[in-house]
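Visitor:
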Amino acid sequence: MRKISVLLIGLSWVFSSTATAKVNLAEVEHWKNTGNEYRTYSYSGNVGVSDKIVVEKGNNAVIQQDAGASCPAGSFYLVNKANKTYQAIDSGTCDDRNFAVKLEKNTVTFTSKGKVTAVYPVY
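Going left to right, the sequence shown walks through residues -21 to -1, 1 to 102 as mature numbering (1 follows the signal peptide of the UniProt record, and there is no 0) numbers them.
Pasting the structure below:
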């Protein structure tokens, strides 16, 4: 009986750690784009400078890419680790002052200067 309990605990740990595994940004560009076909994610290989995960929860994460002077807030992608899919999402602002991204169970919310600029459903 003890062996079965240990086995079940071990299996549940494997499945839970797989579901919440960190996003490998180099792999995301090979995942299926479920959004706008013209807004594809391309990994720059420069993690921390131009590509970073700004929030991660459960099977989902939001990646921010540097968009240069054209949009200081950046470009954003919502990823689903379990489905290996991603889609570009618009933050609704390029103003990076007091900018925040909040990932909840069913939504991603962008705010700038305390005002909501965009809300997306999590898939």
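Yeah, the Cβ is synthetic: ideal placement off N, Cα and C, and Gly gets one too. Remember, it's a predicted structure, so these values are computed and weren't measured experimentally.
Would you list, in sequence order, the uninterrupted beta strand (DSSP E) runs of no fewer than 3 residues that lie entirely inside the stretch 54 to 94?
Guide: Every unbroken stretch of the beta strand (DSSP E) spanning 3 or more residues and falling wholly within the stretch 54 to 94 is given here in chain order: 54 to 59, 64 to 68, 78 to 82 and 86 to 91.
Visitor: So what does DSSP say about V7, is it helix, strand or coil?
Guide: helix
Visitor: Beta carbon of D36, beta carbon of K92: below 9 angstroms?
Guide: In the sequence as presented, Asp is not what sits at residue 36; that position holds Lys. Contact: no.
Visitor: Excluding the 5 residues preceding and the 5 following L(-14) in the sequence, name in chain order all residues of the same chain whose CB lies nearer than 8 angstroms to its CB.
Guide: Residue confidence for L(-14) is low, a pLDDT of 39 falling below 50, so the modelled location carries little weight and cannot support an answer.
Visitor: By alpha-carbon positions, which one of S49, K1 and G53 ends up nearest to Y20?
Guide: G53
Visitor: Could you compute how far the alpha carbon of K31 sits from the alpha carbon of L4?
Guide: Their Cα atoms are separated by approximately 8 angstroms.
Visitor: Confirm the yes/no value for this check: CB of E8, any heavy atom of the ligand FAD, distance under 8 angstroms.
Guide: As for the ligand FAD, it is missing from this structure, which has no ligand bound.
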